[in-house]
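FYI, the numbering for the first sequence is 1 to 193, going by my numbering. Even for Gly, the Cβ is constructed at its ideal location relative to N, Cα and C. Bear in mind the structure is a predicted one, so any value in this text is a computation, not a measurement. Report on the structure given below.
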Amino acid sequence: MTDGAPLPDLTQPATVVAPALVGCTLVRRYGDGTVVRGLIVETEAYEPGDPACHGYRRRTARNGVMFGPPGTCYVYLIYGIYHCLNIVTDGVDVPSAVLIRALALDRLPPDLPPQQATPPHRVAAGPGKLCRTLAIDLTHNGTPLGPQSCLDLAPRRDPTYPLVQTTRIGLTQGTDLPWRWYLQDHPAVSKKG
DNA sequence: CTCACGATTGGA
DNA sequence: CCAATCGTGAGC
Numbered sequence: 001m002t003d004g005a006p007l008p009d010l011t012q013p014a015t016v017v018a019p020a021l022v023g024c025t026l027v028r029r030y031g032d033g034t035v036v037r038g039l040i041v042e043t044e045a046y047e048p049g050d051p052a053c054h055g056y057r058r059r060t061a062r063n064g065v066m067f068g069p070p071g072t073c074y075v076y077l078i079y080g081i082y083h084c085l086n087i088v089t090d091g092v093d094v095p096s097a098v099l100i101r102a103l104a105l106d107r108l109p110p111d112l113p114p115q116q117a118t119p120p121h122r123v124a125a126g127p128g129k130l131c132r133t134l135a136i137d138l139t140h141n142g143t144p145l146g147p148q149s150c151l152d153l154a155p156r157r158d159p160t161y162p163l164v165q166t167t168r169i170g171l172t173q174g175t176d177l178p179w180r181w182y183l184q185d186h187p188a189v190s191k192k193g
């Protein structure tokens with residue numbers, strides 16, 4: 001008796017995978033065996049031909065993972081402070097990834113750093129906050145998702161989700177592309193849209 | 001080699 | 001509105 005619900009096919013373009021990942025669960029396994037699950041409530045897609053995509057110009061040391069196989073994690077440092085987690089999609093040599101922007105956690109992680117200003121249900125509401133909360137950093141760049149990995153995906157349970165599609169947040173280029181998706185009215189979404 | 005800047009966040 | 005903070009990469 002296996003779980004019938006399949007994961008999204010990660011070999012597709014990011015604009016196809018991004019909406020399909022909303023409602024799936026990101027699994028974070030810690031070294032001590034602790035497991036924290038987060039419902040993916042918000043994503044953005046980045047593809048070739050998209051001026052906001054890190055792989056838009058060429059392959060570099062930083063964005064190399066984006067050009068690798070689908071199902072791996074692309075993590076980068078932004079503003080020298082925060083990390084952002086992406087799931088690489090599409091084929092090898094195709095720079096395509098889905099930014100995980102917000103999670104609804106099933107529990108608070110162990111050794112959670114002081115976040116007194118943030119309500120518990122909002123500790124993973126934003127790409128930088130979710131990486132900080134789940135202790136995801138550059139050491140996870142290139143990590144393959146999977147049952148043996150510290151990062152994994154689990155399929156949707158409830159197939160009926162009110163998805164909203166809007167433009168992406170915080171960009172200076174490609175601001176017109178409607179490549180952001182989120183669960184309507186979900187309290188863990190990073191910002192109103 | 002240099003230097004302006006960013007897929008963010010929290011505080012003024 | 002604005003600063004924090006640093007790796008990256010485009011340009012000289």
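Item to check | CA-to-CA distance, R132 to Y82, given in whole angstroms | outcome: 7 Å
Checklist entry - Between which two residues does the beta strand (DSSP E) carrying C73 extend? => result 73-78
Next on the checklist: Taking the straight line between their C-alpha atoms, what separation do you get for V92 and T60?
Outcome noted: 15 Å
Item to check | Selected residue, minimal CA-CA separation from A5, among P113, G64, R180, D158 | outcome: D158
Checklist entry - Quick one: any contact between the region 147-167 and the region 16-34, if contact means 3 or more CB pairs under 8 Å? => result yes
Item to check | A125 in three-state terms, based on DSSP | outcome: strand
Next on the checklist: Assuming V27 and D152 are in contact, meaning their beta carbons sit under 8 Å apart, how far apart are those beta carbons, in whole angstroms?
Outcome noted: 4 Å
Item to check | Three-state secondary structure assigned by DSSP to T118 | outcome: coil
Item to check | Residue nearest to G68 in terms of C-alpha spacing, selected from L177, G174, N141, V189 | outcome: N141
Next on the checklist: Taking 9 Å as the threshold (C-beta atoms), are T43 and L99 in contact?
Outcome noted: yes
Next on the checklist: Mapping the DSSP letters down to three states, classify C131 as helix, strand or coil.
Outcome noted: helix
Item to check | DSSP three-state assignment for T175, whether helix, strand or coil | outcome: coil
Checklist entry - In terms of DSSP beta bridges, what is C24 paired with? => result V22
Item to check | Per-residue DSSP class, three states only, for A52 | outcome: coil
Checklist entry - Short check: CB of T89 to CB of A154, under 9 Å? => result no
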